[in-house]
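Line by line, the protein sequences give chains D and P. Okay, so the first sequence: first residue is 69 according to our numbering, each after it adds one. Okay, so the second sequence: first residue is 69 according to our numbering, each after it adds one. C-beta: ideal position from N, C-alpha, C; glycine also. Note that the structure is predicted; figures quoted are calculated from it, not measured.
2 protein chains.
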Amino acid sequence: MVDRPARVTMMDIAAAAGCSQAAVSFVLNDTPGTRISQQTRDRVWEAARALGYTGATYTTKAAYSGLDNVIGFAVDQLATSPEAIVAIEGARQASWNAGNVLLVAQTLSDPVMEPKAIKALTSGGISALIYMTIYTRQIELPSYVSQLNIPTVLLNCYTADHAFPAVVPSEIAGGQSSTRHLITHGHHRIATITGEIWMQAAQDRLTGYRRALATADIPFDPELVIEGDWSAGAGYAATMKLLALKEPPTAIFCQNDRTAIGCYEALKDAGLHIPQDMSVVGYDDEEISRHLVPPLTTSVLPHLAMGQWAIEHLNPDSTPGKRYPIAKLECSLVKRHSVAAPRADTREIFDGGHTSP
Amino acid sequence: MVDRPARVTMMDIAAAAGCSQAAVSFVLNDTPGTRISQQTRDRVWEAARALGYTGATYTTKAAYSGLDNVIGFAVDQLATSPEAIVAIEGARQASWNAGNVLLVAQTLSDPVMEPKAIKALTSGGISALIYMTIYTRQIELPSYVSQLNIPTVLLNCYTADHAFPAVVPSEIAGGQSSTRHLITHGHHRIATITGEIWMQAAQDRLTGYRRALATADIPFDPELVIEGDWSAGAGYAATMKLLALKEPPTAIFCQNDRTAIGCYEALKDAGLHIPQDMSVVGYDDEEISRHLVPPLTTSVLPHLAMGQWAIEHLNPDSTPGKRYPIAKLECSLVKRHSVAAPRADTREIFDGGHTSP
DNA sequence: CGTATTTGGTAATTAATATTAGCATCTATC
DNA sequence: GATAGATGCTAATATTAATTACCAAATACG
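See the structure below:
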């Protein structure tokens with residue numbers, strides 16, 4: 069480069085502050101063992117700030133830039149739901165022994181903010197990156213992430229090319245075990261209220277539901293699947309629709325807790341009691357679920373475990389071209405008091421008359 | 069320095085990778101317009117990583133280190149309570165227009181981790197720092213924070229020397245307005261269940277309580293102040309103690325929502341109804357409060373506003389020696405259904421016989 | 001087969017910063 | 001009022017990294 073007019077050097081600061089370049093170096097680096105008066109220090113700092121000193125050109129984007137054990141954690145949203153916090157906590161716990169520091173930035177799913185956030189993270193010299201999204205989904209990893217040349221793990225999302233380790237909740241298994249839990253309590257006529265069906269999670273939980281039915285040799289009845297939208301309102305409406313059926317279900321698998329809240333309301337309005345008249349299970353284990361009456365049986369999202377998994381799979385040997393399978397972690401069922409065996413009379417109808425002892 | 073054995077330079081990498089220093093520079097900087105084969109690039113990266121290349125020495129800790137608009141947010145705990153997240157969200161909203169990126173790190177109140185966290189934050193070249201604690205309290209700001217030479221704001225904490233702008237909730241005003249709310253509903257015999265009294269927040273809320281009584285010319289009765297510990301259990305015990313009083317109160321100001329939950333339980337067990345037999349107000353506006361029966365009147369902690377305030381007061385002109393007053397933001401009361409006028413009969417006793425129309 | 005062009009580098013130069021050594025000036029001390 | 005530090009700084013130098021200019025081998029091509 070022939071002309072570099074923009075760059076501010078220590079020489080410029082020295083000229084502005086009326087001292088030597090060496091003095092500027094001493095001040096800005098706070099070099100121990102040098103004697104510079106406070107006045108000169110102030111003048112230097114002031115000049116540096118006024119001129120917008122940016123440090124040396126020699127700040128290579130190279131790996132291990134000074135800080136070891138700093139792991140970047142990029143997530144699209146922090147405040148909207150607790151999952152991100154839980155995952156961060158899991159990551160923190162897992163890296164506790166190693167003394168790692170987590171640096172968290174929000175990408176806000178914004179084409180302007182995301183590169184800024186990632187740059188802010190990386191220019192600090194992180195040694196690894198965890199990239200998380202709030203909603204489980206396939207993503208296109210931006211090039212400025214994939215070309216970072218540091219170990220990277222995807223959390224709650226994955227790319228089509230499987231170029232990075234990725235971990236997501238096992239929603240299929242979760243839907244399956246929720247449904248199986250109802251089946252083992254003797255239910256045969258089990259309804260489900262889905263989320264917005266275009267979302268991966270909703271499809272997977274439904275798949276799990278069907279799989280559990282198939283495993284137990286219970287025929288699938290499309291009448292018992294109502295499409296919701298994760299909201300309590302949809303849960304209410306769907307439950308009402310189910311109750312109006314000629315053969316109403318004896319149990320409802322609500323595919324998230326908010327839907328279950330609407331379901332609770334509808335059952336109350338219909339004069340039915342949980343779990344005597346109707347068993348209900350939710351999904352997500354939101355804080356409120358344990359305070360419902362009766363406390364809701366639901367599945368915990370494994371975000372804590374996913375955070376831990378991510379840390380444990382930050383493998384430095386990134387063989388180029390390697391392909392990783394997507395890891396799926398179990399959503400464990402927390403059993404509370406919203407599930408019971410169906411009433412004998414109801415059960416007899418579908419059980420062909422023989423009741424269990 | 070005569071011997072510098074530790075420092076890894078591009079020369080070292082060049083030797084290890086079997087190429088020139090220039091080639092290393094090209095590769096690590098991804099300099100456009102240079103032709104380096106992929107094999108050489110790989111060798112260079114591998115060597116750089118193996119040797120632990122840390123970048124140039126010339127990475128001055130100077131101001132404005134490359135990244136403008138990156139604000140560090142250090143907080144002791146992220147996961148234990150939602151306040152930190154709310155404050156971060158407030159800060160994010162406030163800096164939205166400016167396009168700032170927030171970089172969040174947890175200090176974990178740990179003498180080992182905190183310096184690491186702060187260093188991770190600052191070495192990225194943040195232009196400002198917000199330092200937050202979960203519990204409102206006076207702190208000793210570590211020297212590596214106070215000597216950072218960037219605009220700094222304290223959130224939910226403050227130093228004895230007032231050397232930095234600081235913002236905390238106005239707990240005194242909050243306690244006062246909670247109590248006043250009960251007074252305006254006609255209550256004269258108002259109890260309070262405190263938190264752990266060594267905590268600033270508990271003391272301040274109690275002070276607000278006393279101040280509200282004094283303003284309304286209601287004599288302070290020590291019998292009506294029970295020391296709790298923020299827990300539901302303490303709330304239960306304290307309420308029972310209050311109910312056993314010769315002249316039980318008609319309203320209870322629980323100094324946090326969890327205490328109020330215990331209080332609700334105790335009242336239920338005593339066969340009393342809220343708000344007909346006893347008015348209750350809480351504090352903190354936890355998620356659960358709106359789902360209690362009846363929904364709890366409580367005060368919202370102003371963490372969102374505090375986050376915004378912090379961003380707005382990141383003033384770059386840090387005149388050395390300047391003193392800042394501690395800003396206090398209002399805890400606004402959210403009125404739900406746990407407060408009503410006292411029963412006429414109860415009120416008559418203390419009202420001297422004349423009831424309001 | 002000679003020549004042009006691309007590929008893949010190096011050597012030398014330059015820019016920027018860190019560090020060492022030393023030089024005035026002040027200040028306390030006898 | 002000489003003198004021995006201590007203080008506050010600069011000049012010179014050493015390191016390090018970025019960049020330019022150039023070079024040799026491989027490849028394409030008529």
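- A contact between stretches requires three or more CB pairs, one per stretch, nearer than 8 angstroms, and the stretch 136-154 of chain D meets this requirement with the stretch 177-194 of chain D.
- Around the beta-carbon of Q376 (chain D), 16 or more other beta-carbon atoms lie within 10 Å, marking it buried.
- When the five nearest sequence neighbours on each side are left out, the beta carbons in the same chain lying within less than 7 angstroms of the beta carbon of R248 (chain D) are those of A280, in order along the chain.
- Assigned with DSSP and collapsed to three states, S211 (chain D) falls in helix.
- Under the DSSP assignment, F141 (chain D) falls in the beta strand (DSSP E) whose first and last residues are 138-143.
- If the five residues before and after Y212 (chain P) are omitted, its C-beta is found closer than 8 angstroms to the C-beta atoms of P183, I186, K187, all from its own chain and listed in chain order.
- If you look at M181 (chain D), you'll find it in the alpha helix (DSSP H) that goes 181-191.
- Approximately 20 angstroms separates the beta-carbon atoms of A241 (chain P) and E354 (chain P); this is outside 8 angstroms, ruling out the contact.
- The secondary-structure analysis by DSSP pairs S105 (chain P) with nothing; it has no beta-bridge partner.
- A residue is called buried when at least 16 other Cβ atoms come within 10 angstroms of its Cβ; P179 (chain P) does not meet this threshold and is exposed.
- For the pair T318 (chain P) and M346 (chain P), the CB atoms are nearer than the 8 angstroms cut-off.
- Within 8 angstroms of the CB of R111 (chain D), no CB atom of chain P is found; the nearest one sits about 13 angstroms away.
- Taking the CA atoms as reference points, D285 (chain P) sits about 35 angstroms from Y392 (chain P).
- For M200 (chain P), there are no C-beta contacts with chain D under 9 angstroms, since the nearest C-beta of that chain is about 13 angstroms from it.
- Here P410 (chain P) carries a coil assignment [DSSP, helix/strand/coil].
- The contact set of M181 (chain D) on chain P, defined by CB atoms closer than 8 angstroms, consists of G167, V169 in chain order.
- Following the DSSP letters along the chain, one finds L310 (chain P) inside the alpha helix (DSSP H) bounded by residues 300-311.
- Residue state for V76 (chain D) is assigned as coil, using DSSP reduced to three classes.
- The contact set of Q174 (chain D) on chain P, defined by CB atoms closer than 9 angstroms, consists of I156, R160, V169, L170, V172 in chain order.
- In the three-state scheme derived from DSSP, where H, G and I count as helix and E and B as strand, P290 (chain D) is classed as helix.
- Judged by beta-carbon spacing, S214 (chain D) lies within the 8 angstroms limit of A231 (chain D), meaning their Cβ atoms are closer than that value.
- Chain-order list of chain D residues neighbouring V138 (chain P): A188, by C-beta distance under 7 angstroms.
- The straight-line gap separating the alpha-carbon atoms of S163 (chain D) and L146 (chain P) is approximately 15 angstroms.
- Annotated three-state conformation of A282 (chain D) is helix, per DSSP.
- Y277 (chain D) and T260 (chain D) do touch by the CB rule: their CB atoms are close to 5 angstroms apart, below 8 angstroms.
- Among the residues facing chain D, L146 (chain P) is included, as its CB has a counterpart in that chain under 8 angstroms away.
- At a cut-off of 8 angstroms, the C-beta of N217 (chain P) has a neighbouring C-beta in chain D.
- Judged by their CB atoms, V169 (chain D) and M374 (chain D) are not nearer to each other than the 8 angstroms cut-off.
- In this structure, T204 (chain D) lies near P237 (chain D), with their beta-carbon atoms less than 8 angstroms apart.
- Neighbours of K184 (chain P) in chain D, taken as residues whose beta carbon is under 9 angstroms from its own, are L135, N137, V138, G167, N168, V169 in chain order.
- Rounded to whole angstroms, the Cβ separation of S406 (chain D) and P362 (chain D) is 5 angstroms, and the two are in contact under 8 angstroms.
- Any Cβ of chain D closer than 8 angstroms to the Cβ of I153 (chain P) would place that residue at the interface, and such an atom is present.
- Comparing C-alpha distances from K314 (chain P) to each of P:A328, P:T201, P:E291 shows the shortest one belongs to P:E291.
- Closer than 8 angstroms to the CB of I379 (chain P) there is not a single CB belonging to chain D.
- The beta-bridge partner set that DSSP reports for Y332 (chain P) is empty.
- In the DSSP assignment, S177 (chain P) falls outside any beta strand (DSSP E), carrying neither H nor E.
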